[in-house]
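Notes to accompany the following structure.
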Amino acid sequence: MADRRVLTWSPMEVRAVIRYEWARGSSVSIIHERLQTVHGEEGMSRRWCCMFSEGRQIVEDEGRGGRPSTSIMKTTLPEYRT
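Quick note: the sequence shown uses full-length UniProt numbering, first residue 1, plus one each step.
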């Protein structure tokens, strides 16, 4: 049988799988085992199982307040450097 391991997953894809398995009633350890089968050793966050148990429905990151992680300032643009 050919190896069906997925080499690259986005965080939202992993969360969607966790949500699906959680909705099916799978335990955290079973979800972890199934993800490792196709995703490899890279981690699965138990935190997402807990959040779905607490009523969370979306897999996307929620917006956060505060300063953006990237910004454009005159000093970072080449045309403004001296």
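Note that CB positions come from ideal geometry on N, CA and C, so glycine has one too. Owing to the predicted nature of the structure, the values given are computational and were not obtained by experimental measurement.
Status (buried if at least 16 other CB within 10 Å, exposed otherwise) for residue i
i, result
"residue 49", "buried"
"residue 7", "exposed"
"residue 18", "buried"
Residues near residue i in its chain [Cβ-Cβ closer than 6 angstroms; skip 5 each side]
i, result
"residue 21", "31"
"residue 16", "59"
"residue 46", "28"
Option in the options with minimal Cα separation from residue i
i, options, result
"residue 54", "38, 11, 23, 9", "23"
Proximal residues to residue i (C-beta, below 7 angstroms), its chain only, five neighbours per side dropped
i, result
"residue 4", "38"
"residue 9", "39"
"residue 12", "59, 60"
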